[in-house]
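In our numbering, the protein residues as written are 510 to 619.
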């Protein structure tokens, strides 16, 4: 049986943002520098303003772009989240806003 994956896309234009990840969120505490998200996984969390997020490893970037301010955008330019940094040197994370992305469960390859 093929392993199930999830693909996050912009809710406004449906453009894919990141490479597919395991369809089950990582269990445990929210993603931080002390508790990083492994490549190929995601975690549910919240940004400093309390906005619900999906947190992913930066190696998952696909069609997602990041502007100099750290805002993550879809290929059409819609804001979909932020890129966060922690301590220096960073592990850093993609934090997609749950209200600005949709998810698609899939099988196989993209």
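Don't be surprised by glycine CBs; every beta carbon is placed ideally from N, CA and C. The structure presented is a predicted model; accordingly, all values stated were derived computationally and were not measured.
- Within the model, the alpha-carbon separation for residue 571 versus residue 615 is close to 17 Å.
- The C-beta distance from residue 573 to residue 561 rounds to 18 Å, too long to fall under 8 Å, and the pair is not in contact.
- It is roughly 21 Å from the alpha-carbon of residue 515 to the alpha-carbon of residue 556.
- With a threshold of 16 other beta carbon atoms within 10 Å, residue 593 meets it and is buried.
- Beta-bridge analysis with DSSP links residue 516 to 613.
- Here residue 567 has 592, 601, 602 and 603 as same chain residues with Cβ atoms under 8 Å from its own Cβ, once five neighbours each way along the sequence are excluded.
- Taking the C-beta atoms as reference points, residue 537 is found no nearer than 9 Å to residue 569.
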